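Residue numbers (this note's numbering), protein chains in the order written: chain B, 219 to 561; chain R, 836 to 1161.
These notes concern the structure reproduced below.
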Amino acid sequence: MAKKKALTKDRLAWMYKQMVRIREFEERVKRTFVEHSGVIRGHTHLGDGAEATIVGSLATREDSDLAMPSYRCHGYPIVLGTSPRKIMAEIYGRKDGLCGGFGGSMHLADPEHHFPGTSGIIGQAIAHATGAALTAQVKDSGQVIYCFFGDGSTKQGAFFESLNLAAVWKLPIVYILENNHYQAYTHISLEDANYIAGDPLSKKAQAFSIPGVTVDGTDPLKVFAAVGKAADRARSGKGPSLIEAKFYRLSAHGNAITVPPVPTQFPEHEAVEVYGKKAEYAAAKKNDPIPRFRAALLGKGVLRLADAKRIEAEAQAEMDDAVLFALASPLPKPEEAVKYVYA
Amino acid sequence: MAREMMYGEAIGAAMTEEMQRDPNVILYGQNLAMTERDPMLRKFGKKRVRIAPISETAELGVAIGAAMTGLRPIVELWMSEFMLVAFNQLINEAPRLRYMSGGQVKVPLVFKAGYGFAAGWAGQHSNCIYHTMMGIPGLKIALPSTAADAKGLMASAIRDDNPVVYLHHYMLTLDKGPVPESEYVIPFGVADIKREGSDVTIVATGWMVKKSLAAAELLSRQGISAEVIDPRTLEPLDSNTIIKSLKKTGHLVLVDQATRHASAAAIMAAEIAEHGGNALKVPLKMVTALDTSIPFSEPLENFVLPNEEKIVSAVKSVVARQAATV
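Written as structure tokens, this is what we have:
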């Protein structure tokens, strides 16, 4: 195992820091709907609750490995080294955005930071990530592709077709199924056959005769262990694995779909808003991965309270700065719209 | 140096040459390279030539991801309708990713498929669906009508940095023609005048070029000189060459194997109306398939598809209307 993958004190502190950075970023996006009404257009999806899975997974990667998630995509590039200023500016539709205002929240891309791009259509990017793994195999690059998607995506043909093909071709990819319990607004009990039968979603791996593991996606160390093993397997040429990371999406699917001139705004989580399950949501909040990891690190003496507070203050300052940068960035020039159609 | 080659052979020649030239070009598809004897497999090895499961969404989507990360995949789809199974990947992924990323990624790939198989393949395997891909910014469409064009357009498709749909006509597969043996690349967006003429401009693609040339021959015996133009790519579309010809002839017949409202001809008609409409001495005419699905039995199939006689009669009607108004 590579040296950087060892969970030293510094590495654990780094993991906590990345989780806090993602959360702080997502909180600032959400607050924008209130503090700067109308600034964010379209549909924006937050990954709060997924931090332990995102960071636990990406902590196992080697420098050249790629991450390819779905449209709920803010957290990954933050960990990979993309400037939160550029991500926020993209979400605000500004000239200095990561994609120059051409993509928005759902379509972040930063190939320089090992983040080739995302699709806004559920499940479809699983095939793209599988293709990136084909490139890695053909070029013998030694890369592993980290493919993230939600439980909803596993009901798409692209999921089944891609996993079968990756298993046949033994592609170097780890499929990380983020089971956040809601496909958009629909609870998993209404649409997943494995769940309804009382089985874990990782059972789907059996259809392709590949390893399928379910882990507690609120614990970054458990995710780290499972994904690390799958990544090692992929890198050694043994093919794909499916890791189901179970957690709970802490925000609603996305901002409410409003029609101009009604400004976009963030509703309550659908557990409360649609299903009236206040207790379920309260329990999920109580199981928030970030305070739990903080307490664990403090308890083990890995992190001192002062360190934790410093990390949190730094993340707040960093994301304050991202908001100010994005607000100050000009809108793109209209005539730029005809660029980038063809290479 | 040119060599007589079949249309289908010319496509293979271009793929082989391009795969030799660029190690990033790979090829996969269903029912392809099934045994060690496969010539492409023997030449390029298992990494670059693969058999794919019967999974169009994955086949197209995997090509997109591979293209985003540095390969130039050619996906053999066999029949253009099979792309409909993966329509999202074709229309809403491949051509969008570069734009949405603000120009950061490129998606150089070729989706190769045959089309228009008018030999008893009935309703679901003989259609012309290229109009569904026209007007999709980011996507290019090539439709060769000769063996030489088949080679030159395939080379161009593989070298292009954008997603290209390369549609070869099944009915032309065995047609022979001279094909340059050395490197041969036909730039996209350049129409070819397949026959020069002065009385009427006929625009056609694929198999319809062959039909139009046959019609032009019949017309010449009756004293009507027809110019036959093949745009060769529908995106980009070389309207200028068509309009230039129209300014010379004043008459226009658009021939398309697709049904009328789902034809490339309908889109060309709109372009010409706006940018060259004044050159039309009489309204243009479209010769397309009838608005039916493609029937199975031969006489039924013949009835709905365009043919030489329908083209001849359309040309005569526009030329005659001109004569009547003079």
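A virtual CB, placed ideally from N, CA and C, is assigned to each residue, including glycine.
None of these values were measured; they are calculated from a predicted model.
- prompt: Does the beta-carbon distance from residue 370(B) to residue 340(B) come in below 7 Å?
  reply: Taking a C-beta distance under 7 Å as the contact criterion, residue 370(B) and residue 340(B) qualify as a contact pair.
query: CB residue 238(B) to CB residue 536(B), shorter than 7 Å?
result: Against a cut-off of 7 Å, the Cβ pair of residue 536(B) and residue 238(B) comes out as no contact.
- request: Could you tell me the boundaries of the alpha helix (DSSP H) in which residue 1076(R) lies?
  value: Unbroken alpha helix (DSSP H) run through residue 1076(R): 1074 to 1084.
task: Using three-state DSSP, classify residue 1003(R) as helix, strand or coil.
output: In the structure shown, residue 1003(R) sits in a strand (DSSP, three-state: E or B).
query: What number of angstroms, rounded off, separates the C-alpha of residue 1101(R) from the C-alpha of residue 546(B)?
result: The straight-line gap from Cα to Cα measures roughly 47 Å.
task: Answer with yes or no whether the minimum CB distance from residue 231(B) to chain R is below 7 Å.
output: For residue 231(B), no Cβ of chain R is located within less than 7 Å of the residue's own Cβ.
task: Starting from residue 1092(R), follow the beta strand (DSSP E) in both directions and report where the run begins and ends.
output: For residue 1092(R), the enclosing beta strand (DSSP E) stretches over residues 1087 to 1094.
query: So what's residue 991(R) in DSSP terms, helix, strand or just coil?
result: Secondary structure at residue 991(R): helix, using DSSP grouped into helix, strand and coil.
task: Give the residues of chain B in contact with residue 973(R), contact being defined as C-beta atoms less than 7 Å apart.
output: Close to residue 973(R), with beta-carbon spacing below 7 Å, are these residues of chain B in chain order: 559, 560.
query: Would a check of beta-carbon distances place residue 866(R) closer than 7 Å to chain B?
result: Judged by the 7 Å Cβ criterion, residue 866(R) is not in contact with chain B.
Cross-chain neighbours of residue 280(B) in chain R, by beta carbon under 9 Å: Under the 9 Å cutoff, chain R gives no residues; its nearest Cβ is about 16 Å from residue 280(B).
query: Does any CB atom of chain B fall closer than 7 Å to the CB of residue 928(R)?
result: Yes - at least one Cβ of chain B is within 7 Å of the one on residue 928(R).
Status (buried if at least 16 other CB within 10 Å, exposed otherwise) for residue 226(B): The C-beta of residue 226(B) has fewer than 16 other C-beta atoms within 10 Å across all chains shown, which makes the residue exposed.
- request: With a threshold of 6 Å, establish whether the CB of residue 295(B) neighbours any heavy atom of the ligand NAP.
  value: This structure lacks the ligand NAP, and indeed carries no ligand of any kind.
query: Quick one: Cα of residue 930(R) to Cα of residue 942(R), how far?
result: Going by the C-alpha atoms only, they are around 8 Å apart.
task: Please state if the CB of residue 324(B) and the CB of residue 364(B) are separated by a distance shorter than 7 Å.
output: No, Cβ-Cβ distance for residue 364(B) and residue 324(B) is not below 7 Å.
message: Assuming contact is defined by CB atoms lying nearer than 7 Å, are residue 948(R) and residue 961(R) in contact in what I supplied?
response: Going by C-beta atoms, residue 948(R) is not nearer than 7 Å to residue 961(R).
message: Against chain R, with Cβ distances strictly below 7 Å, would residue 219(B) count as a contact?
response: Any reading at residue 219(B) must be qualified, since the residue scores a pLDDT of 44, below 50, and its modelled position is unreliable; no value is offered.
- prompt: Count the other CB atoms within 10 Å of the CB of residue 477(B); is the residue buried (16 or more) or exposed (fewer)?
  reply: Only exposed fits residue 477(B), as fewer than 16 other CB atoms lie within 10 angstroms of its CB.
query: If you compare alpha carbons, which of 979(R), 1078(R), 857(R) is closest to residue 841(R)?
result: The residue among 979(R), 1078(R), 857(R) with its C-alpha nearest the C-alpha of residue 841(R) is 979(R).
message: So that I know if they touch, is there some Cβ in chain R lying closer than 7 Å to that of residue 426(B)?
response: Residue contact check for residue 426(B) against chain R: no CB pair falls below 7 Å.
field: CA nearest to the CA of residue 542(B), picked from 439(B), 461(B), 253(B)
entry: The shortest C-alpha to C-alpha distance from residue 542(B) to any of 439(B), 461(B), 253(B) is the one to 253(B).
- prompt: What is the residue span of the alpha helix (DSSP H) that residue 840(R) lies within?
  reply: Not the alpha helix (DSSP H): residue 840(R) falls in the beta strand (DSSP E), residues 837 to 841.
message: Checking 7 Å against the spacing of the C-beta atoms, do residue 511(B) and residue 234(B) come in under that value?
response: Between residue 511(B) and residue 234(B), the C-beta spacing is below 7 Å.
- request: Measure how close the beta-carbons of residue 975(R) and residue 891(R) come, nearest whole angstrom, since I'm counting them as under 8 Å.
  value: With a beta-carbon spacing of about 20 Å, residue 975(R) and residue 891(R) fall beyond the 8 Å limit used to define contacts.
- request: Tell me, please, whether the CB atom of residue 899(R) is closer than 7 Å to any CB atom in chain B?
  value: Using a Cβ-Cβ cut-off of 7 Å, residue 899(R) counts as an interface residue toward chain B, since at least one Cβ of chain B sits closer than that to its own.
field: Close-in-space but distant-in-sequence residues of the same chain around residue 260(B) (CB under 6 Å, 5 per side omitted)
entry: When the five nearest sequence neighbours on each side are left out, the beta carbons in the same chain lying within less than 6 Å of the beta carbon of residue 260(B) are those of 322, in order along the chain.
- request: In the DSSP assignment, find the unbroken beta strand (DSSP E) run with residue 464(B) in it and report its ends.
  value: 459 to 464 is the extent of the beta strand (DSSP E) around residue 464(B).
field: Residue of 944(R), 939(R), 950(R) minimising C-alpha distance to residue 331(B)
entry: For residue 331(B), the closest alpha carbon among the candidates 944(R), 939(R), 950(R) is that of 939(R).
- prompt: Can you list, in chain order, the residues of the region 294 to 320 of chain B whose Cβ is nearer than 7 Å to any Cβ on chain R?
  reply: The region 294 to 320 of chain B vs chain R, Cβ under 7 Å: 317, 318, 320.
field: Minimum Cβ-Cβ distance from residue 379(B) to chain R less than 7 Å
entry: Between residue 379(B) and chain R, the shortest Cβ-Cβ separation is below 7 Å.
Unbroken stretches of the beta strand (DSSP E), 3 residues or longer, contained in the region 238 to 307 of chain B: Taking 3 residues as the minimum length, the beta strand (DSSP E) runs contained wholly in the region 238 to 307 of chain B are 284 to 286, in order along the chain.
field: residue 394(B): contacting residues in chain R (beta-carbon distance under 7 Å)
entry: Chain order gives no chain R residues near residue 394(B), where near means a beta carbon separation below 7 Å; the closest approach is about 16 Å.
task: For residue 916(R), I'd like the list of residues in its chain whose CB is within less than 7 Å of its CB, leaving aside the five on either flank, ordered along the chain.
output: Excluding sequence neighbours, residue 916(R) sits near 959, 960, 962, 964.
query: Under 7 Å between the Cβ atoms of residue 540(B) and residue 302(B)?
result: Going by C-beta atoms, residue 540(B) is nearer than 7 Å to residue 302(B).
query: Beta carbon of residue 864(R), beta carbon of residue 353(B): below 7 Å?
result: Going by C-beta atoms, residue 864(R) is not nearer than 7 Å to residue 353(B).
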